[in-house]
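**Q**
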Ligand SMILES: *Cc1c(COP(=O)(O)O)cnc(C)c1O
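In our numbering, the protein residues as written are 543 to 930.
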């Protein structure tokens, strides 16, 4: 329990002291290696050229790191998912199974290639696709399963791969939030027929924009290349982007380890029976990376304080905590998709899930204790906060 002097203070939102005065760290962080790279890019002129050494070098490094045969660079994770869908031949009339609680652009991408998203339930403990629902979701039009690893927990890709393989259904693994994570011996992004990483501005590896499709299948790589090369690459990643991504890949394992340790410290600081229950991967031998740390928020344990007001109060304390995804069936026209079952867990997550953004996880200071103290302050003044 925190000391009386700390917990009896007012929440920042009611005029008390801010629990973590530095606030959410900048992303990307300042980095002397990147600064040197920019100087070198300027010196060589590679910053403004179509071709140079960096994209090729980055492709090599990605292939080595993931032990896969093809790494096709592209302009975003969103474009990567679309290209992967095209690569496994998803088209008009096909169905693609995905989680009801997933990144919005995955849903839109399935529509973009003319197919129908089939939304399945999530697990209540880790918010990932509930693989026991796959059987009920399959029809003779099922072409692919789009499986995302979300918010620090990992979808059971091994089971999905086994399920899909015996039925001739393709698997696309969305690892846009899981750079360098592992399930058993395999790195995230290499479990499916194709995997996708994002290098968008908020992601664990960033060049502002960008993505890559990983695959071992020559036919998929060939189809993606035929589709995107139109005398020129229609979905390119620039030399300048590849240049800044290489050192980030080199340091990925180390930064993932730091983030995992921070999450352990945070979970310990929150203790048992916290109103914030971390969404944890039940998969054995999973070593996730943390783009977000997701929690289930228990409003009752916080004196009825709404999730939105709680997040607002935590942000005022200096922590980047926000409501997490919407359940996709609640934000799209019923005409666009099919659902399997009631989606009760997805709807509960739509209500209760919150996510902490990752940059603070590289901070070795005592922020986890401050986070837990901030929560206690807010709990004490829940009534005042709800009605202020
Ligand atoms: C960010 C993200 C994407 C899309 O990546 P962009 O590079 O932003 O287009 C896709 N899926 C998931 C799960 C993501 O988090």
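All C-beta atoms, glycine included, are put in the ideal place defined by N, C-alpha and C.
1) In whole angstroms, give me the CA-to-CA distance for residue 570 and residue 743.
2) Would you check if the distance between the CB atom of residue 553 and the CB atom of residue 855 is smaller than 8 Å?
3) So residue 617 packs on residue 777, CB below 8 Å; how close in whole Å?
4) Could you tell me whether the Cβ atoms of residue 564 and residue 750 are closer together than 8 Å?
5) Name the two residues that bound the continuous alpha helix (DSSP H) containing residue 701.
6) Check whether the region 798–811 and the region 880–888 touch, using three or more Cβ-Cβ pairs below 8 Å as the test.
7) Is there at least one non-hydrogen atom of ligand 1 closer than 7 Å to the beta-carbon of residue 623?
8) For residue 591, which residues in the same chain have their Cβ closer than 7 Å to its Cβ, ignoring the five residues on either side in sequence?
9) Let me confirm a value: residue 685 is counted as buried when at least 16 other C-beta atoms fall within 10 Å, else exposed. Which label applies?
10) Going by C-alpha to C-alpha distance, which of 827, 891, 705 sits closest to residue 663?
11) Rounded to the nearest angstrom, how far is the Cβ of residue 863 from that of residue 898, given a contact under 8 Å?
12) My parser needs the alpha helix (DSSP H) runs of 4 or more residues fully inside the region 601–652; what are they?
13) Taking the straight line between their C-alpha atoms, what separation do you get for residue 880 and residue 822?
14) Which residues bound the beta strand (DSSP E) around residue 687?
15) Report all residues from its chain with a CB closer than 8 Å to the CB of residue 844; omit the five preceding and five following residues, and keep chain order.
16) Would you mind sorting residue 783 into buried or exposed? The rule is 16 or more other CB atoms within 10 Å of its CB.
17) To the nearest angstrom, how far is it from the Cα of residue 634 to the Cα of residue 652?
18) Please indicate yes or no: does the CB of residue 939 lie closer than 7 Å to some heavy atom of ligand 1?
19) Give the list of continuous alpha helix (DSSP H) stretches no shorter than 4 residues that lie fully inside the region 553–597.
20) Determine whether the beta carbon atoms of residue 725 and residue 623 lie at a separation below 8 Å.
21) Can you have a look at residue 681 and say buried or exposed, based on whether 16 or more other CB atoms are within 10 angstroms of its CB?
22) Which same chain residues, not among the five before or five after residue 690, have their C-beta less than 7 Å away from its C-beta?
23) Tell me where the beta strand (DSSP E) around residue 805 begins and ends.
24) Quick test of your reading: residue 788 and residue 596, contact by CB under 8 Å. State the CB separation rounded to the nearest angstrom.
25) Using beta-carbon positions only, say whether residue 655 and residue 683 come within less than 8 Å of one another.
**A** Let's see:
1) 8 Å
2) yes
3) Yes, they are in contact, since the Cβ atoms of residue 617 and residue 777 sit about 5 Å apart, within 8 Å.
4) Their beta carbons are not under 8 Å apart, which means residue 564 does not touch residue 750 by this criterion.
5) 699–707
6) no
7) yes
8) Within the same chain, 781 come within 7 Å of residue 591 by CB-CB distance, once the 5 residues on both sides are set aside.
9) buried
10) 891
11) 5 Å
12) 619–629
13) 28 Å
14) 684–690
15) 817, 852, 920, 921, 924
16) buried
17) 10 Å
18) Residue 939 lies beyond the residue range present for the chain, which begins at 543 and ends at 930; the question has no answer from this structure.
19) 574–586
20) no
21) Residue environment: residue 681 is assigned as exposed (fewer than 16 neighbouring CB atoms within 10 Å of its CB, all protein chains considered).
22) 641, 644, 645, 648, 697, 716
23) Segment 794–812 is the alpha helix (DSSP H) holding residue 805; no beta strand (DSSP E) there.
24) 7 Å
25) no
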